[in-house]
Amino acid sequence: RSGRQWKFAGSFYFAITVITTIGYGHAAPGTDSGKVFCMFYALLGIPLTLVTFQSLGERLNTLVRRLLLAAKRCLGLRRPRVSTENMVVAGLLVCAATLALGAAAFAHFEGWTFFHAYYYCFITLTTIGFGDFVALQSDEALQRKPPYVAFSFLYILLGLTVIGAFLNLVVLRFLAAS
């Protein structure tokens, strides 16, 4: 199992969990040189990943703000304004939809209950990464299910952007309140 884990898809999955700080604990470097490389990779990759997600999150929030403004105009409001509260509610709905979509997919592909799949998505996208549920670990999924592997990678990366954008809105709301 360990040997198969380190083929391209498994290595890429591990690399994503390092730079996103998810760190499920399902795989780790086995050699000292691998551990040194992993530390340097993390030192460079984590800040770059944080900056990337911050930038993508800001763009996502700008898009949501424009969509809310357009929706308010369509409803005939004369001077539509999008408040931070509007953005937080919209962000909460987008987060819930993102988690539910992921949960439905992972429940199907992994054979988990919807609750366990939702829990996995939440723990993953908040970068807690306990490791009690880790996708792509059964039935040689990393080698035999390329579309599912691609979906998993994209879901994690896009989901982190969505959750990060929402958490940024919540922080801004708290800062505005104080």
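Going letter by letter, the sequence shown gives residues 1 to 178 in full-length UniProt numbering. Ideal Cβ positions, reconstructed from N, Cα and C, are used throughout, including at glycine.
Report task. Determine the burial state of L39: buried for a count of at least 16 other Cβ atoms within 10 Å of its Cβ, exposed for fewer. Result -> Residue 39 sits at position 39 when you count from the first residue of the sequence shown. The amino acid occupying residue 39 in the given sequence is Met; Leu does not appear at that position. Burial call: exposed.
Query raised in the report: Taking three-plus beta-carbon pairs below 8 Å as touching, is the stretch 120 to 134 in contact with the stretch 12 to 30?
Result: Three or more Cβ pairs closer than 8 Å define a contact, and the stretch 120 to 134 meets that threshold against the stretch 12 to 30.
Query raised in the report: Anyone know if the C-beta pair for A117 and A103 falls short of 8 Å?
Result: In the sequence shown, residue 117 corresponds to position 117, counting from 1. In the sequence shown, residue 103 corresponds to position 103, counting from 1. For the 8 Å CB-CB criterion, A117 and A103 form a contact.
Report task. Starting from the C-beta of L160, find all residues in its chain whose C-beta is less than 8 Å away, skip the five residues before and the five after it, and write them out in chain order. Result -> Along the sequence shown, read from residue 1 onward, the residue named residue 160 stands at position 160. Correct list, in chain order: T20, F53, L125 and T127.
Query raised in the report: At what residue ranges does the stretch 87 to 148 contain a whole run of the alpha helix (DSSP H), taking only runs of 4 or more?
Result: For the stretch 87 to 148, whole alpha helix (DSSP H) runs of length 4 or above, ordered along the chain, are 114 to 125 and 141 to 144.
Query raised in the report: Exposed or buried, I163, counting other C-beta atoms within 10 Å across all chains shown (16 or more means buried)?
Result: By 1-based counting over the sequence shown, the position of residue 163 is 163. Using a 10 angstroms sphere on the CB of I163, the tally of other CB atoms reaches 16 or more, which defines it as buried.
Query raised in the report: Apart from the five residues on each side of it in sequence, which residues of its chain come closer than 7 Å, Cβ to Cβ, to G57?
Result: As a position in the sequence shown, residue 57 is number 57, starting the count at 1. Only residues of its own chain outside the window of five on either side were considered, and among them T161, G164, A165 and N168 have a CB closer than 7 Å to the CB of G57, listed in chain order.
Query raised in the report: Considering only residues of the same chain and omitting the five flanking positions on each side of W112, which have a CB-CB separation below 8 Å?
Result: In the sequence shown, residue 112 corresponds to position 112, counting from 1. When the five nearest sequence neighbours on each side are left out, the beta carbons in the same chain lying within less than 8 Å of the beta carbon of W112 are those of F106, Y120 and F133, in order along the chain.
Requested in this report: Label A27 either buried or exposed according to how many other C-beta atoms from any shown protein chain fall within 10 Å of its C-beta, with 16 as the threshold for buried.
Outcome: As a working note, residue 27 is residue 27 in the sequence shown. When all chains shown are included, A27 counts as buried.
Query raised in the report: On the three-state DSSP scale, how would you describe V82?
Result: To locate residue 82, count along the sequence shown from 1; it is residue 82. Residue state, collapsed to three classes: coil.
Query raised in the report: Whose C-alpha, out of F109, R173, A177 and A90, is nearest the C-alpha of F151?
Result: Within the sequence shown, the letter at position 151 stands for residue 151. That would be F109, whose Cα lies nearest to the Cα of F151.
Query raised in the report: Exposed or buried, L77, counting other C-beta atoms within 10 Å across all chains shown (16 or more means buried)?
Result: Within the sequence shown, the letter at position 77 stands for residue 77. With fewer than 16 other Cβ atoms within 10 Å, it is exposed.
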